[in-house]
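**Q** Below is a structure I'd like to ask you about.
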Amino acid sequence: MTIKTGSEVTLLYKLTYDNAEGELIEETTKEEPMSFSFGKGEMLDAFEEELAGKKGSEEFSFTLTPEQAYGEIQDELVVEYTKDSFLVEGELDEDFLQEGEWIEMTDDDENVFEGMIEENKVNTVLVNFNHPLAGESIHFKGLVTKVS
Numbered sequence: 025m026t027i028k029t030g031s032e033v034t035l036l037y038k039l040t041y042d043n044a045e046g047e048l049i050e051e052t053t054k055e056e057p058m059s060f061s062f063g064k065g066e067m068l069d070a071f072e073e074e075l076a077g078k079k080g081s082e083e084f085s086f087t088l089t090p091e092q093a094y095g096e097i098q099d100e101l102v103v104e105y106t107k108d109s110f111l112v113e114g115e116l117d118e119d120f121l122q123e124g125e126w127i128e129m130t131d132d133d134e135n136v137f138e139g140m141i142e143e144n145k146v147n148t149v150l151v152n153f154n155h156p157l158a159g160e161s162i163h164f165k166g167l168v169t170k171v172s
């Protein structure tokens, strides 16, 4: 059976940065493979395009550009907030504002956004809402283990 819209697909793969170092980003295992419903919008469009038509036991290897993956870095998604924005019951927990930590923020319409604290300054905090892989070309190499 080949991968097509509506297929249930199970994969093993290694995801790396597409650069000279090829640093590992993520890897699945036989004990914990990745499974998804093909064509349901669960995966990146370009990822699915590369897998379309493949069969069980078929290997794959492909690179996605930033445009195909998570987009380029958008400067407007790096936002500086006053520390007053982080007050809880009038108190500021500086331990909560650690550089490199991921936080959730809610806008006026109650939409939740996840961002990484880039810099904790004296009176402000710089939060980056870009996807962690924005601006990166990424490489997938793996095996289709099951198509149903």
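Per my numbering, the sequence shown starts with residue 25, numbered consecutively. For each residue, glycine too, the CB sits at the ideal point set by N, CA and C. The model shown is predicted, which means the values in this text are computed figures rather than measured ones.
1. Suppose the cutoff is 7 Å on Cβ atoms and the five residues either side in sequence are ignored; what does the same chain contact list for Leu116 look like?
2. If we ignore side chains and look at the alpha-carbon of each, how far apart do Leu88 and Val102 end up?
3. Classify Lys145 as helix, strand or coil using the three-state DSSP reduction.
4. Alpha carbons only, please: which of Glu128, Asn43, Glu104, Gly30 is nearest the one belonging to Gly159?
5. At the level of alpha carbons, what is the spacing between Tyr105 and Gln122?
6. Need the endpoints of the alpha helix (DSSP H) that Glu55 sits in, please.
7. Taking just the CA atoms, how far does Gln92 sit from Ser59?
8. Strictly by DSSP, which residues pair up with Tyr105?
**A** This is what the structure holds:
1. Position 92 of the sequence shown holds residue 116. Lys107, Phe110, listed in sequence order.
2. Residue mapping note: residue 88 aligns to position 64 of the sequence shown, counting from 1. Residue mapping note: residue 102 aligns to position 78 of the sequence shown, counting from 1. C-alpha separation (whole angstroms): 24 Å.
3. Position 121 of the sequence shown holds residue 145. The three-state reading of DSSP puts Lys145 in coil, since its state is none of H, G, I, E or B.
4. Counting from one through the sequence shown, the residue named residue 159 turns up at place 135. It is Asn43.
5. Sequence index remark: in the sequence shown, residue 105 carries index 81 (1-based). Sequence index remark: in the sequence shown, residue 122 carries index 98 (1-based). Those two C-alpha atoms are separated by around 14 Å.
6. Here residue 55 corresponds to residue number 31 of the sequence shown, with the count starting at 1. For Glu55, there is no enclosing alpha helix (DSSP H), as DSSP gives it neither H nor E.
7. Locating residue 59 in the sequence shown gives position 35, where the first residue counts as 1. Locating residue 92 in the sequence shown gives position 68, where the first residue counts as 1. Cα-Cα distance, rounded: 21 Å.
8. Within the sequence shown, numbered from 1, the residue matching residue 105 stands at position 81. Note: Tyr105 sits in a beta bridge opposite Val149.
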